[in-house]
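Okay, structure first, notes after.
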Amino acid sequence: MPHTEQIWRNVDAVRREAPLVHSITNFVVMNVTANALLAAGASPIMAHAREEMAELINIVSALVLNIGTLSAPWIDSMFLAGAAARERGLPVVLDPVGAGASTLRTTTAAQLMERVRPAIVRGNGSEIMALAGAAGATRGVDSTRDAHAAADSARALSLRHRCVTVVSGPVDLITDGDEVVLVTGGHALMPRVTGMGCTSTVLVAAHAAVAASPLEGAVSGMAAMSAAGSMAAERAAGPGSFAMHFIDALYALSEADIRARVRVGRP
Amino acid sequence: MPHTEQIWRNVDAVRREAPLVHSITNFVVMNVTANALLAAGASPIMAHAREEMAELINIVSALVLNIGTLSAPWIDSMFLAGAAARERGLPVVLDPVGAGASTLRTTTAAQLMERVRPAIVRGNGSEIMALAGAAGATRGVDSTRDAHAAADSARALSLRHRCVTVVSGPVDLITDGDEVVLVTGGHALMPRVTGMGCTSTVLVAAHAAVAASPLEGAVSGMAAMSAAGSMAAERAAGPGSFAMHFIDALYALSEADIRARVRVGRP
Amino acid sequence: MPHTEQIWRNVDAVRREAPLVHSITNFVVMNVTANALLAAGASPIMAHAREEMAELINIVSALVLNIGTLSAPWIDSMFLAGAAARERGLPVVLDPVGAGASTLRTTTAAQLMERVRPAIVRGNGSEIMALAGAAGATRGVDSTRDAHAAADSARALSLRHRCVTVVSGPVDLITDGDEVVLVTGGHALMPRVTGMGCTSTVLVAAHAAVAASPLEGAVSGMAAMSAAGSMAAERAAGPGSFAMHFIDALYALSEADIRARVRVGRP
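Protein chains in written order, with my numbering: chain A, 23 to 289; chain B, 23 to 289; chain C, 23 to 289.
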């Protein structure tokens, strides 16, 4: 189970190695996730044209597939990029935004799990339960389940697809189907800022690009997110200033901040 | 005519009921309008794929159609979502961004008025005049007319389409064709921040989802916008910090703020 | 060679004339570049539908073509808008985001140079070298070359296409193939904020709309960018607050700020 030293090693490695992270993602969060990657020391690229997928996958270190504003041509590119990334052995991270809210989202996410086989999937409780086929309604793109209630679904999903599953919430749960890790930190303002979940997904991808294993990358990415969230909340007067301070905190994040603000443990 | 108590009741109801607002909107404002909805206590969803329109309309409480970056497939989805929302009796709010600047925009907005019959349309003076068929040029997406000059167009549009029309400007004018309400507040920095008009549209939609009538929802949404704008301006050093403080202000908005900062009256 | 007085004259002219700048640009930077234009006193419009290109070009003062998130229909609209702008004699500014990273980007940028003949092209060192056909790899969308290393490519590109070439970096290089101007200013945080390069492109377009020549507009646009960047850095605690202060600085920029913070000179 990763400890502060390992989390810090990955935060530092992202800054030193500046992994190029390719996102095929939703329109709402493109700007904020690109800024989060840059603040963390990584380098973002976003593209969705079929014609350039193979070439771009050749130069990147991780791939994010985010289904928040799907349409047919973007789905095609996700499968194309996913296949190319898998062939190259790159970590692929799936963000199943709104899975459970529509057949298109649930089906696309399930097919990406089957055919792309992402190393990591990160969603809220409702999304992970929808993806695992559990009963439970997704209410739009915000979760109606807390992370603990989705623990069984997460383990089942990880075992079925041999992937790491991250259920984010007040306490984040990360599992490879066997080991279960809880990350505690962050702040209640985070769900009041759009794209915070999607931001944790891109941070997990950047960490996975430098980490020893997908599990370690998922844990350290979520821990960095939680530490920066906790730092930002201290200076914020509301969700607007929180969003700004969060980016500054990601940029400034030190080993001491991680030690002071995040707890990583077992259930 | 709504008074402070009614405005506050709607602000509070949005926070308690957290209406899910579906936007088919332009790329420029997706992030900022999602953040405004979250700060106000509502919940945003954005999607444009035909395949998921009907299902999503089934779980939302209001629909925003914003024509700021149109293309053929998005127009199709607007009509599809609009028809489904109308069938369910949901409030639909149209934002005719740039109507008058191109035939595509003017025609699409006019057809949405005819076929979707939105409960509320919110634009600047030029856009409302273009939609009403009045003479007057739209200059890009920013208004060249003030709210008062467009009052006749607004009343005509409301009578013709049995909708509430909002003309935003230094003084906002809201009419159902019969009653006319003026909302005074806000700040001169607001037109220097992109998407402030589109933000007022989504706030009006969130308020319409909880209000007793479209007129009341339009007035209270615009009043909340004006109060938050006035609060933000006091702390802002320019349009960048204004945008941040505006989101914080929406989040913190109290009944006393509304009372102190907004005047609602008749012409 | 433009001096402080000329730079200031253009900053002031943008505020007085409020040129309408049409961008066909990438999804990531739409919001931030629209806000930069508004803060500088210009007026943004963004649209990509073929159907409205000709009409919109008729009402704008400059056109930006940015290839950051290309797809086939957007490429069509870029050629359509570019041809219409050229016919009207409007300044067209090309931002070849990621040229060199994929064949689609390099080829599209090269064809836009050939067929649209932009007045100005603005990129980082890697992008300009890729466009000039020089050896050197683009690493995603961030530059791996500094401005000086790309000077030869910039001159060659300008001579071949009779355009002004801007290579942005710690020191910006601007050339029409004959004269070479260097702009020094800005801050090391700028590459840690997404869309800062794209922002300089839209500022150059706004300046080109009011300047005596494309060279003068390119220099004064880059100088305004550098001055605002230097001002923002003094107040910023990281890239999040930098982005906010940058917009405020663009809005507040005075002749004294330009004089104190930017050096314009020859190599």
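Virtual Cβ for every residue (Gly too), placed ideally from N, Cα, C.
Beta-carbon within less than 6 Å of residue i's beta-carbon, same chain only, minus the 5 sequence neighbours each way: which residues are those?
i	result
ALA240/C	ILE142, VAL186, VAL188, ILE196, VAL226
ARG293/B	The displayed coordinates of chain B run from 23 to 289. Any statement about residue 293/B would go beyond what the structure contains.
ALA254/C	PHE264, HIS267, PHE268, ALA271
MET135/C	HIS183
PRO261/B	LEU211, ARG214, VAL215
ASP174/A	none
VAL82/B	LEU42, HIS44
TYR273/B	ALA61
ARG177/A	THR197, GLY199
PRO192/A	none
For residue i, count the other beta carbons within 10 Å of its own beta carbon; 16 or more makes it buried, fewer makes it exposed. Which is it?
i	result
GLY155/C	exposed
HIS183/B	buried
ASP270/A	buried
ASP98/C	exposed
ALA234/C	exposed
HIS25/A	exposed
ARG214/A	buried
GLU238/A	buried
GLY316/C	The requested residue 316/C does not occur in the structure, where chain C is confined to residues 23 to 289.
ASP117/B	buried
VAL224/A	buried
GLU74/C	buried
THR125/C	exposed
THR55/C	buried
ARG285/A	exposed
ARG283/A	buried
So, for residue i: in the same chain, excluding its five sequence neighbours on each side, which residues have a beta-carbon less than 7 Å away from its beta-carbon?
i	result
VAL232/B	ASN32, ALA35, VAL36, GLU39, PRO41
PRO289/B	VAL202, LEU204
GLY251/A	GLY207, GLY208, HIS209, MET212, PHE268
ALA107/C	ILE79, LEU85, VAL114
LEU275/C	VAL33, ALA246, ALA249, ALA250
For my contact list, residue i and residue j are in at a C-beta cut-off of 8 Å; report their separation, rounded to the angstrom.
i	j	result
MET151/A	ALA131/A	That pair is no contact at about 12 Å.
ASN48/C	ASN88/C	5 Å
GLY207/B	SER248/B	3 Å
SER242/C	ILE29/C	4 Å
LEU85/B	VAL114/B	5 Å
ALA228/A	PRO236/A	With a Cβ gap of about 13 Å, ALA228/A and PRO236/A do not count as contacting.
Within its chain, find whatever has a CB closer than 8 Å to the CB of residue i; leave out the 5 residues flanking it on each side and keep chain order.
i	result
VAL119/B	ASN48, ASN88, ILE89, GLY90, ARG127, GLY145, GLU149, VAL163, GLY219, CYS220
VAL51/B	ASN88, GLY90, THR216, GLY217, CYS220, THR221
SER263/C	ARG257
PRO95/B	HIS70, ARG72
MET68/A	HIS44, SER45, ILE46, THR47, MET52, ALA56
Practice problem: Identify each residue in the segment 114-137 of chain C for which the Cβ-Cβ distance to at least one residue of chain A is less than 8 Å, and report them in chain order. | Solution: Within the segment 114-137 of chain C, GLY120, ALA123, SER124, THR125, LEU126, ARG127 place their CB atoms closer than 8 Å to a CB of chain A, listed in sequence order.
Quiz item: Would the segment 189-201 of chain A and the segment 260-279 of chain A be scored as touching if the rule is three or more Cβ pairs under 8 Å?
Solution: By the criterion of at least three beta-carbon pairs nearer than 8 Å, the segment 189-201 of chain A is not in contact with the segment 260-279 of chain A.
Quiz item: Given 8 Å as the limit, is there contact between the segment 97-110 of chain A and the segment 49-64 of chain A, that is, 3 or more CB pairs closer than that?
Solution: Judged by Cβ distances under 8 Å, the segment 97-110 of chain A makes no contact with the segment 49-64 of chain A, as fewer than three pairs qualify.
Quiz item: Within the chosen definition, does the segment 43-56 of chain C reach the segment 70-86 of chain C through at least 3 CB pairs nearer than 8 Å?
Solution: As far as the Cβ criterion goes, the segment 43-56 of chain C touches the segment 70-86 of chain C, which means the pair count is three or higher.
Quiz item: Which of the residues in the segment 36-57 of chain C, read from start to end, lie with their CB under 9 Å from any CB of chain A?
Solution: Within the segment 36-57 of chain C, the residues whose Cβ lies closer than 9 Å to some Cβ of chain A are ASN48, PHE49, VAL50, VAL51, MET52, ASN53, VAL54, listed in chain order.
Practice problem: Could you run through the segment 79-97 of chain A and flag, in chain order, every residue whose CB is less than 8 Å away from some CB of chain B? | Solution: Result list: GLY90, THR91, LEU92, SER93, ALA94.
Quiz item: If contact means a Cβ-Cβ distance below 7 Å, which residues of the segment 259-275 of chain B contact chain C?
Solution: For the segment 259-275 of chain B, residues whose beta-carbon sits nearer than 7 Å to a beta-carbon of chain C comprise ALA259, GLY260, PRO261, GLY262, SER263, MET266.
Exercise. Using a Cβ-Cβ cut-off of less than 9 Å, list which residues of the segment 221-252 of chain C approach chain A; keep chain order.
Key: Listed by position, the residues of the segment 221-252 of chain C near chain A (Cβ gap below 9 Å) amount to none.
Quiz item: Listed in chain order, which residues of the segment 204-222 of chain B have Cβ atoms closer than 9 Å to some Cβ of chain C?
Solution: So the close ones are LEU211, PRO213, ARG214, VAL215, THR216, GLY217.
Self-check item: Near-chain C residues of the segment 60-72 of chain A - C-beta to any C-beta below 9 Å
Solution: Listed by position, the residues of the segment 60-72 of chain A near chain C (Cβ gap below 9 Å) are LEU60, ALA61, GLY63, SER65, PRO66, ILE67, MET68, ALA69, HIS70, ALA71, ARG72.
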